[in-house]
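Anchor point for the sequence shown: position 60 equals 59 in numbering that gives the first Met the number 0, and the numbering is continuous, going up by one each time.
Glycine is no exception: its CB is placed at the ideal position from the N, C-alpha and C atoms.
All values reported here derive from a predicted model rather than from experimental measurement.
Structure first, then comments.
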Amino acid sequence: MKKDFKIVLIVLALVVVLAAGCIANFFSSSLFIGAASFNGGGVYAMAEECFLVCLNKSQNSHEAEVIAGDFVDAGNAGYIFKHGDYYYAVHSAYANKNDATLFAEHLKKGGIQSEILQLSFPKIFIEEDLSAENRNLLSEALNSFFAAFKALSDISVGFSTNAYSLDDVNEKLQKLCDRTASLQKKYAETFQNASAKLTALGEYLADELECLMLTKTSESDLNYHGIELIEIYQNMIQELK
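So this is what it looks like as structure tokens:
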């Protein structure tokens with residue numbers, strides 16, 4: 000009986016040793032994977048596209064400005080957007096193609112011809128040796144531009160279709176400004192004396208905040224600054240690539 004008891008004890012001891020070894024290997028592997036994820040990799044923003052409803056275009060910038068001025072006098076955005084060889088007088092920009100098409104059809108019914116300009120933006124990738132927390136902050140900053148544009152586009156569409164009241168627009172715009180201001184402040188404090196790419200991104204983030212802060216609660220102003228955000232985003236991509 001004693002012999003059997005000793006055998007049981009030996010078996011239990013072996014099980015404990017094996018279990019301890021497995022646990023040690025598990026934590027060792029987990030720590031290695033965690034460290035690798037913490038120190039390696041990069042941050043990216045996915046490829047995006049948007050749709051600009053353009054009222055006219057010209058290869059001459061001055062002519063385009065005159066055309067845009069006429070549209071502004073009529074209560075439209077009239078933002079001058081350069082793409083390729085042309086300067087476009089843009090009424091509004093949309094993240095959803097269907098919204099752009101519906102608005103172009105609405106203009107056509109009123110006797111105004113327009114053109115939908117589709118813009119495609121490539122995936123952006125920034126590789127930096129950062130902590131997990133700072134990578135998350137960088138990711139939020141990098142993705143904030145198009146997110147802010149989508150938010151303004153949504154507010155503008157909702158306002159024009161009476162889905163949002165003036166109070167709704169004021170509240171949504173204020174929340175967007177507050178969120179961006181908090182992000183910009185944290186980014187500026189975190190990435191002082193950073194690499195050239197991170198510094199450039201911080202400057203564009205400040206431009207994004209200024210654009211939003213200047214936006215007023217009128218349909219034309221929401222459209223105007225939504226297009227401006229697209230231009231800021233386009234310029235940022237050109238500098239960071």
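With distances taken from CA atoms, which of the options is nearest residue i?
{"i": "residue 151", "options": "233, 207, 201", "result": "207"}
{"i": "residue 252", "options": "122, 86, 96, 82", "result": "Past the boundaries of the shown model lies residue 252; the chain is included only from 0 to 240, so the question cannot be answered."}
{"i": "residue 177", "options": "210, 193, 161", "result": "210"}
{"i": "residue 193", "options": "160, 161, 227, 133", "result": "133"}
{"i": "residue 77", "options": "84, 49, 88", "result": "88"}
{"i": "residue 57", "options": "159, 83, 107, 173", "result": "83"}
{"i": "residue 45", "options": "145, 169, 218", "result": "145"}
{"i": "residue 240", "options": "105, 135, 141", "result": "141"}
Which same chain residues end up closer than 8 Å to residue i when comparing Cβ atoms and leaving out the 5 residues on each side of it in sequence?
{"i": "residue 143", "result": "179, 182, 204, 207"}
{"i": "residue 224", "result": "151, 210, 211, 213, 214"}
{"i": "residue 139", "result": "182"}
{"i": "residue 198", "result": "190"}
Excluding the 5 residues preceding and the 5 following residue i in the sequence, name in chain order all residues of the same chain whose CB lies nearer than 7 Å to its CB.
{"i": "residue 17", "result": "Reliability of the predicted coordinates at residue 17 is poor, the pLDDT of 37 falling under 50, and the value obtained from them is presented with this limitation in mind. Cβ within range, chain order: n/a, list empty."}
{"i": "residue 220", "result": "214"}
{"i": "residue 175", "result": "147, 150, 211"}
{"i": "residue 187", "result": "201"}
{"i": "residue 102", "result": "52, 91"}
List the whole-angstrom C-beta distance separating residue i from residue j, where the pair is believed to meet the contact cut-off of C-beta under 8 Å.
{"i": "residue 120", "j": "residue 230", "result": "Incorrect: roughly 12 Å between the Cβ atoms, too far for contact."}
{"i": "residue 196", "j": "residue 123", "result": "Incorrect: roughly 10 Å between the Cβ atoms, too far for contact."}
Might you give, ordered along the chain, the residues of its own chain that have their beta carbon closer than 6 Å to the beta carbon of residue i, omitting 5 neighbours on each side?
{"i": "residue 29", "result": "For residue 29, the predicted structure reports a pLDDT of 30, less than 50, and the residue's modelled location is therefore unreliable. A value from the coordinates is still provided. Correct list: empty, nothing qualifies."}
{"i": "residue 157", "result": "163"}
Evaluate contact between the region 48-59 and the region 104-120, counting only Cβ atoms and requiring at least three cross-stretch pairs below 8 Å. yes
Assess contact between the region 227-239 and the region 187-206, defined as three or more Cβ pairs (one per stretch) separated by less than 8 Å. Is contact present? yes
When you compare the region 90-99 with the region 146-161, are there three or more beta-carbon pairs, one atom per stretch, that lie closer than 8 Å? yes
Runs of alpha helix (DSSP H) wholly within the region 131-217 (minimum 4 residues, chain order): The alpha helix (DSSP H) runs of length 4 or more contained entirely in the region 131-217 are, from start to end of the chain, 131-159, 165-189, 195-212.
Write down every uninterrupted run of the alpha helix (DSSP H) in the region 84-129 whose length is 4 residues or greater and which is fully enclosed by it, in chain order. Within the region 84-129, the complete alpha helix (DSSP H) runs of at least 4 residues are 96-108.
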